[in-house]
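Enquirer: Below you'll find the structure I mean.
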Amino acid sequence: MSNFRQYEEAIAKYHSSLSVKTVPVSSWDFHNDFLGLIKNLFVDLNKLDALASQNKWIRNNWDLKTRQQEEVIIVTDTKLNIVFASHNMIKMNGYVEAEVLGKSPNIFQGAATDLTILNEIRSAILVQEPFEKTIVNYKKNGDVYGCKIKGFPVFNTKGQLSHYIAFEKAA
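Mapping to full-length UniProt numbering: the sequence shown position 120 is 120, numbers consecutive.
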């Protein structure tokens, strides 16, 4: 026990000799940002898990935890209305989930979007097959960006189409 007392006394002596005795307030911003990011990751994972359970999705081998940290995840219903968008979408295009829920992914497209690629994506969706395309999308502020999309149809345990899921990242 005396070793710990000596250690504590040495630490106290060291800190008392320092000229700066406080932690800069700006360091709390980094910590708070990190905690917010972690919270959003868990919120998104819980929403995705609830969506999968509620609709009895067949489990796929997507590593949602890793993908969610690196990519934006968007889920649409069979009519292609957005029912889920991960929190990290704001970093890629400036939108938050509430602004895109119920809307079509066409909200991200505009004049510079290649119609040939759009038609290829539509064709894959119609035949319920996965696709991987890079497309020009638009941010909320109107700026264009390249977006690599990996899209998959999602089926329920009865083998019926339930949703579409897309993993997106800036290209």
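A virtual CB, placed ideally from N, CA and C, is assigned to each residue, including glycine. All figures in this text were calculated on a predicted structure; none of them were measured in a lab.
Assuming Y164 and G151 make a contact with CB atoms under 8 Å, what is their CB distance in whole Å?
Expert: By 1-based counting over the sequence shown, the position of residue 164 is 164. By 1-based counting over the sequence shown, the position of residue 151 is 151. Contact holds; Cβ gap of about 6 Å.
Enquirer: What residue range does the alpha helix (DSSP H) around E97 cover?
Expert: Residue mapping note: residue 97 aligns to position 97 of the sequence shown, counting from 1. Residues E97 to V100.
Enquirer: Could you pull the start and end residues of the alpha helix (DSSP H) that N93 belongs to?
Expert: In the sequence shown, counting from the first residue as 1, residue 93 sits at position 93. That run of the alpha helix (DSSP H) goes M89 to N93.
Enquirer: If we ignore side chains and look at the alpha-carbon of each, how far apart do I149 and I135 end up?
Expert: For this step, residue 149 is matched to residue 149 along the sequence shown. For this step, residue 135 is matched to residue 135 along the sequence shown. Computed Cα separation, rounded: 8 Å.
Enquirer: Nearest by alpha-carbon distance to S123: which of Y95, P153, E97 and F108 is it?
Expert: Stepping through the sequence shown from its first residue, residue 123 is reached at position 123. The candidate whose alpha carbon is nearest that of S123 is P153.
Enquirer: Sorted by chain position, which residues of the same chain lie with C-beta nearer than 6 Å to E97's C-beta, five sequence neighbours on each side aside?
Expert: Taking the first residue of the sequence shown as position 1, residue 97 is located at position 97. Excluding positions up to five away in sequence, the list reads A85.
Enquirer: Mind checking who F152 pairs with in its DSSP beta bridge?
Expert: Mapped onto the sequence shown, residue 152 falls at position 152. According to DSSP, which records beta bridges pairwise, F152 is partnered with I165.
Enquirer: Is it the case that the Cβ atoms of N81 and S104 are separated by a distance below 8 Å?
Expert: One-based indexing of the sequence shown puts residue 81 at position 81. One-based indexing of the sequence shown puts residue 104 at position 104. Closer than 8 Å, so yes.
Enquirer: Tell me which same chain residues have a C-beta within less than 6 Å of the C-beta of G102, skipping the five on either side of it?
Expert: Against the sequence shown, residue 102 aligns to sequence position 102. Result list for G102: N81, in chain order.
Enquirer: Compute the distance between the beta-carbons of E71 and K169, then report whether it is under 8 Å.
Expert: As a first step, residue 71 is located in the sequence shown; it is residue number 71 there, counting from the start. As a first step, residue 169 is located in the sequence shown; it is residue number 169 there, counting from the start. Yes; because the gap between Cβ atoms is below 8 Å, this pair is in contact.
Enquirer: Please state whether DSSP places N137 in a helix, a strand or coil.
Expert: Here residue 137 corresponds to residue number 137 of the sequence shown, with the count starting at 1. Note: N137 maps to strand in three-state DSSP.
Enquirer: For the beta strand (DSSP E) that A85 lies in, which residues bound it at each end?
Expert: Locating residue 85 in the sequence shown gives position 85, where the first residue counts as 1. Residues I82 to A85.
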